Structure formats: structure tokens, C-alpha cells
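Novice:
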Amino acid sequence: IRVVSAALMGLALSGCDMDVIPPDSVAPENFWTTEADAKNYLNTIYESSRSSSHNVLYADVFSDDVYNRHTHEATGYLFIQNALSSGDQEYYRTHKWDFLNIRMTNIFLANVDKVNMSEDLKTRMKMEARFWRAWDYLWKTTQWGKVPLIGDEVLPYNVPEVARNPQTDVYDYIISEAKACYGSLPPSYGSADYGRVTKWAAKALQARAELFSGRFADAAVSAKDIID
42 IRVVSAALMG LALSGCDMDV IPPDSVAPEN FWTTEADAKN YLNTIYESSR SSSHNVLYAD
102 VFSDDVYNRH THEATGYLFI QNALSSGDQE YYRTHKWDFL NIRMTNIFLA NVDKVNMSED
162 LKTRMKMEAR FWRAWDYLWK TTQWGKVPLI GDEVLPYNVP EVARNPQTDV YDYIISEAKA
222 CYGSLPPSYG SADYGRVTKW AAKALQARAE LFSGRFADAA VSAKDIID
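Numbering (this note's numbering), first residue to last: 42 to 269.
1. In terms of residues, what are the limits of the alpha helix (DSSP H) holding residue 243?
2. Does DSSP put residue 84 in a helix, in a strand, or in coil?
3. Using only alpha-carbon positions, find the residue among 241, 236 and 118 that is nearest to residue 225.
4. Compute the Euclidean distance between the alpha carbons of residue 219 and residue 164, then round it to the nearest angstrom.
5. Output the boundary residues of the alpha helix (DSSP H) element that contains residue 220.
6. Report the partner residues of residue 188 according to the DSSP bridge assignment.
7. Three-state secondary structure (DSSP) at residue 69?
8. For the alpha helix (DSSP H) containing residue 144, name the first residue and the last one.
9. Between residue 191 and residue 142, is the Cβ-Cβ spacing less than 8 Å?
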């Protein structure tokens with residue numbers, strides 16, 4: 042009887058579809074469902090994108106002024122040897138030269154519409170993510186000049202080498218994104234969201250991109266908007 046029962050149970054299990062995603066694990070199939078999911082992912086973009094105060098100090102290792110012998114703190118020694126690549130860390134526990142933050146933003150934009158939440162909040166969060174993507178592009182182009190403009194696409198991991206865009210196109214993209222964020226983000230937040238990107242942060246990003254790209258008259262107007 043036990044043998045027959047076990048056989049019948051085996052047949053029953055083999056004939057049904059089983060849910061192989063544990064309910065307590067994080068997976069693409071079960072993540073983009075709640076407002077908390079969207080907030081947690083956006084917060085990760087904030088954490089991954091933010092700069093460190095160490096940047097001001099360690100930036101000098103890429104010049105002739107400073108040499109740092111600690112490989113875990115800065116990659117100036119690689120820069121001097123012309124061996125720096127996108128897989129290397131930039132400064133002490135801060136940016137890498139890869140496109141992780143840009144990819145994370147594109148993943149967020151591709152999935153956040155699946156979440157059941159306020160459309161106003163969803164729009165605001167999209168603009169917050171787009172701000173950090175533009176911020177990342179500004180950081181890259183001021184260091185390297187031409188960089189690939191990925192847009193909103195989530196590229197496959199085995200994508201061939203992507204061509205770099207002219208720096209003028211990159212600045213145009215940053216300024217366009219900053220203007221879009223300025224038009225959609227609030228001027229301030231309540232205590233629960235203190236520290237999130239405001240429209241004035243977007244305007245400051247626009248002014249900086251205009252200044253660095255030589256559009257001085259535009260930069261002066263944007264800066265005065267903030268001052269006023």
C-alpha cells in the first residue's frame with residue numbers, strides 16, 4: 042500500500058505546475074508589486090549615485106600634484122600607467138567608471154509602471170531616477186569627454202562594444218533631462234522625504250552642465266533662477 046501511495050503521489054506531483062519562486066526571496070517575477078519595492082529600488086539608486094566628500098581629496102591623484110600609494114583608496118597609479126578601465130574604482134569607496142547607475146535607472150523606468158501606486162508619486166520617482174542618471178552622465182563626460190548615450194534601453198549583458206557619442210550630444214542630453222526633472226519635481230519635501238531631489242537640484246544640474254559645456258549665458262540665467 043505504501044509503495045502504491047508513493048507512486049500515485051509522484052504521478053500527481055509530476056502532473057502539476059509548481060511555484061518555484063520562494064515567497065520570501067527577491068526575484069524579478071515577484072519584486073515590482075508594491076510601493077515599497079519601488080521606493081527601495083530608488084533608494085538604492087540614490088546610494089549608488091551619491092558622491093563622497095573623499096572625492097575632493099582623492100581627485101588630485103589624477104594630477105601631478107599628489108601620489109597615493111594605497112591601491113584601495115584611489116586609482117591614480119593606474120591612471121599614470123594608462124591602465125585605468127571602466128572596471129576600476131574611481132576614488133575611495135565611491136564611483137566606478139562602469140554604467141551600473143545608468144543601468145539601474147533604466148531597469149527602474151522599465152518596471153515601475155507595474156507597481157500599484159499613485160501616478161503622481163510614480164511620476165516624481167521616475168524624475169528622481171532620471172536626475173541621477175543625468176548626474177552620472179555629467180560626471181562621466183567631464184572626466185572622459187565622449188561617452189556612450191544608452192538612453193532608456195536595458196542592454197543585454199553580452200552586448201557588443203557601444204560607440205561613444207560626441208561630448209556636445211552628451212551635454213545636450215544632460216540639459217534636456219535636467220529641464221524635464223525641473224518641470225516635474227517639487228520645490229521641497231516634507232520631513233519623511235527630506236533629502237530627495239528637488240526641482241532646484243535639477244536646475245543646479247542644468248546650470249553646471251551649461252557652464253561646463255561653455256554655454257555661459259544660459260548657465261548665468263539658470264544660476265540666477267536658483268539664487269532668486
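Backbone N, C-alpha and C define an ideal beta-carbon position, used for all residues, glycine too.
The model shown is predicted, which means the values in this text are computed figures rather than measured ones.
Specialist: By the coordinates alone:
1. 240–253
2. helix
3. 241
4. 15 Å
5. 208–225
6. 206
7. helix
8. 141–152
9. no
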